[in-house]
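Residue numbers (the numbering used here): 2 to 470.
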């Protein structure tokens, strides 16, 4: 239940969301949803449901059609490699088409067929021009003839300051601070002379709470995911208010309702996350794609370890994990309707971070060795953290490896023996973390509820038994 609304969801045989609705009928009246004799479409589109939508997928698993009570019918088409080709709303307004070069960079339709983007740094898109520093960070964005933005970064390529000028006059500016783990903990934004300060508190790598003077917002998420469920607003001197999120098939907020079931925020997005329409905005709501937070002063989405430009559908800095995140260091995902990237590192195909596992040795570190593994290999045993916040524990494993094993984007120069010894050294202080050592497809179970160091031993022994070590 979500206040006075009861939400129901249906899934197909592949576990993908097939339909959802939020009804004003009480839960005991909705027991008919379990009656196989009831037509599902009639249930979903019932008059008592202020929110309902259905999803249709193609054999490749891509979303090809949505039918939404508040947004109508939208159809999608894709390239053979899964890249989004078009979004069709049934009218010229809102419909979109896309072209790409071989490295998945967006191209204007007036570009030649074989045009390529040098270094994957887009310099021009429609009426926008972009300029980068030697490290590949976006430092200037010009939109049309009137709008100009400047961006400044620290030594770790994190955005620390932004300015927006319109017709030569300062319209907005923002300053940003981070903790030692790279999470943004504060920002100060000035828009048309009004200054706003915000502080952010974290639970692992999920933003738990945001605070402004006299007010705070606490966020609750789906287990093992960055899809929001609810938020609790507190204003100094007043009682708390609870709001409920209604998300789409990948966890993007589409509506926010209050305890009475009234829609207090509602958005329609363009394909890559830019808000197309905001018909209801009684409260401020800044969450976007999983792991993203909208900054009004820049128009960018803060995305944990990077910032995302929703107009262009890509990040403004290079991937901090290098080519481990993909062949294009600025790319977001191949399709924004089936993939998410809550950390700004690499695409997750419709699954929470906790389900991705952790390769030991990593894909990059195993390259050229007898036990080399590909990212698509579902039979090789990997580490699955078991704690209450598995995505944070997964991140701790990566952080611990940076010294002994080396940066994720680099090769390991030593022998196979030295590589496994380096992993044991990296995990020596992580015995409080427990992991299962299993194949993503369940083919092999090497151990359950063991320490990361013990997991290294299990994997090395398994490789030796298979003649790969």
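Ideal placement from N, C-alpha and C gives every residue a C-beta, glycine not left out.
query = Bridge partners of residue 132, per DSSP?
reply = 141
query = In three-state terms, what does DSSP make of residue 348?
reply = coil
key: Other residues of its chain near residue 230: CB distance less than 7 Å, five sequence neighbours each side excluded   = 221, 222, 223 and 246
ask   = With a CB to CB cut of under 6 Å and the five nearest residues on each side skipped, what residues in its chain are close to residue 294?
value = 287 and 303
request  = Determine the contact status of residue 397 and residue 434, defining contact as a CB-CB distance below 8 Å.
outcome  = yes
ask   = Where residue 17 and residue 292 are concerned, what is the direct C-alpha to C-alpha distance, given to the nearest angstrom?
value = 20 Å
ask   = What distance in whole Å lies between the Cβ atoms of residue 176 and residue 193, which are believed to be in contact at a cut-off of 8 Å?
value = 17 Å between Cβ atoms; not a contact.
query = Bridge partners of residue 89, per DSSP?
reply = 76
inquiry  = From the DSSP secondary-structure annotation, give me the bridge partner or partners of residue 192.
reply    = 173 and 195
request  = Look at the alpha carbon of residue 25 and the alpha carbon of residue 48, and state the distance between them as a whole number of angstroms.
outcome  = 9 Å
query = Is it buried or exposed for residue 146, if we count other Cβ within 10 angstroms and need 16 for buried?
reply = exposed
query = Looking at C-alpha atoms only, which residue of 438, 162 and 384 is the closest neighbour of residue 308?
reply = 162
task = Hey, could you find the ends of the alpha helix (DSSP H) residue 386 is sitting in?
result = Residue 386 -> not in any alpha helix (DSSP H); beta strand (DSSP E) instead, spanning 383–386.
ask   = Can you give, in chain order, each stretch of the beta strand (DSSP E) that sits fully within the stretch 191–254 and has at least 3 residues?
value = 195–204, 207–213, 216–222, 229–236 and 242–248
query = Hey, how far is the Cα of residue 148 from the Cα of residue 128?
reply = 11 Å
message = Please classify residue 451 as buried or exposed, where buried requires at least 16 other C-beta atoms within 10 Å of its C-beta.
response = buried
Burial state of residue 50 (16 or more Cβ within 10 Å) = buried
query = With 16 as the cutoff for other CB atoms within 10 Å, does residue 384 come out buried or exposed?
reply = buried
ask   = Which of the three DSSP states, helix, strand or coil, is assigned to residue 399?
value = helix
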